[in-house]
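Residue numbers for the sequence shown follow my numbering, beginning at 1 and rising by one. For each residue, glycine too, the CB sits at the ideal point set by N, CA and C.
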Amino acid sequence: VEQTLKALRSQAFISYHPRQGTMRNGCAALLLLVSATACAADVTFTYFDTKGRGEAVRVALDHSGTAWTDKRIAYPDYLEIKKSTNDEAWKSGLPVLSLDAETHLTQSLAMLRYAGKQSSGGKEPLYPSDPKEALKVDEILDICQDILTRSPNDDNADVKKAKREEYAAFKMKSYMSLIAQRAKSSSSGWVAGTKDISIADLHLFYSIFSLIRSGGFDYIDSKYFEQWPELVAVENKIANHDIIKSWQSKAKKEL
């Protein structure tokens, strides 16, 4: 694989980052060629070079000890992949998790659960094996998804703003209050009541907290969830966990 990549680099087709398997500015055909080769050994996670729906999965995979490749591609390259493949998994959007050269799976929460079940080196998995504990984790995952998918949209910016403000004042507030209730009742401080951090915390942190904090949730104030002290406490607890710090440290080294 490395010899192929060197040859491609020498022809100025792609820029490759060895640890992450990151490729930028490459043509889709070459991207797929290298992807098929790399997938022969490792699980490959393909997403854009942003956090979005991918960062929680990346952190969980990094913690799991599973051999995996973090492949980040530019949007134009993804469009070329869509044009050149018959696989509906690639056409449905990113992220895509490739188990091998032929098996490409969708749905970020399914990937997160998969990664959360993996563990090695004495590490605790991030997804509980106990059915009742797993149910509590799943509840948080689905509440977070409801917050995102039920958020109103409109082509007219003024209409969208009005709808989002109403959403934040009522339905979204109900969802956030439920999450805050779960956090308050947790003896461990983790949102789903697990003994240690779980994929519920990761999803909440990246898909909700980070999205709101960054201003990426249109017309939702960046301090919106500070009205729930329990959620701020969970945010801080997650941000200071070793697996988050470890991932951030690795990511900085690749810059």
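Just measuring C-alpha positions, the residue of Thr-85, Ile-73 and Asn-86 sitting nearest Leu-94 is Ile-73. In this structure, Phe-48 and Asp-70 do not form a Cβ contact; the two beta carbons are roughly 12 Å apart against a cut-off of 8 Å.
In the pairwise beta carbon analysis, the stretch 77-88 is classified as not touching the stretch 230-240: fewer than three pairs are separated by under 8 Å.
Of the residues assessed, Glu-226 falls on the exposed side of the cut-off, its CB having fewer than 16 other CB atoms within 10 angstroms.
Cβ-Cβ distances below 8 Å link Leu-178 to Ile-143 in the same chain, with the five nearest sequence neighbours on each side left out; the list follows chain order.
Inclusion of Thr-103 and Val-96 in the CB contact set at 8 Å is not warranted, their separation being larger than that value. Under the DSSP definition of a beta bridge, His-241 lacks any partner.
Its chain contains Lys-160 and Lys-163 as the residues whose beta carbon lies nearer than 7 Å to that of Asp-154, once the 5 sequence neighbours on both sides are disregarded; these appear in chain order. Non-local beta-carbon contacts of Glu-55 in its own chain, meaning distances under 6 Å to residues more than five positions away in sequence, involve Tyr-206 in chain order. The beta carbon of Val-57 sits closer than 7 Å to the beta carbons of Phe-45, Pro-95, Ser-108, Met-111, Leu-112 and Ala-115 from its chain, once the five residues preceding and following it are set aside; these are given in chain order. In terms of Cβ geometry, Ala-60 and Leu-141 do not form a close pair [threshold 8 Å]. Counting of Cβ neighbours within 10 angstroms places Tyr-127 among the buried residues, the total reaching 16 or more.
Using a Cβ distance threshold of 8 Å, Gln-118 and Thr-66 count as a contacting pair.
By DSSP's assignment, His-104 forms a beta bridge with Ser-98. Judged by DSSP in its simplified three-state form, Thr-50 adopts coil rather than helix or strand. Excluding residues up to 5 positions away in sequence, His-63 and Gly-65 lie with their Cβ nearer than 7 Å to the Cβ of Lys-123 in the same chain. For Leu-148, the CB contacts under 7 Å within the same chain, skipping 5 residues up- and downstream, are Ser-207 in chain order. Listed as beta-bridge partners of Trp-68 by DSSP are Val-43. DSSP places Ile-220 in the coil class of the three-state scheme, outside both helix and strand.
Secondary structure in the stretch 108-192: the alpha helix (DSSP H) runs of 4 residues or longer, each lying completely within the stretch, are 108-117, 131-149, 157-169 and 171-185 in chain order. Under the three-state reduction of DSSP, Ile-81 is assigned to helix.
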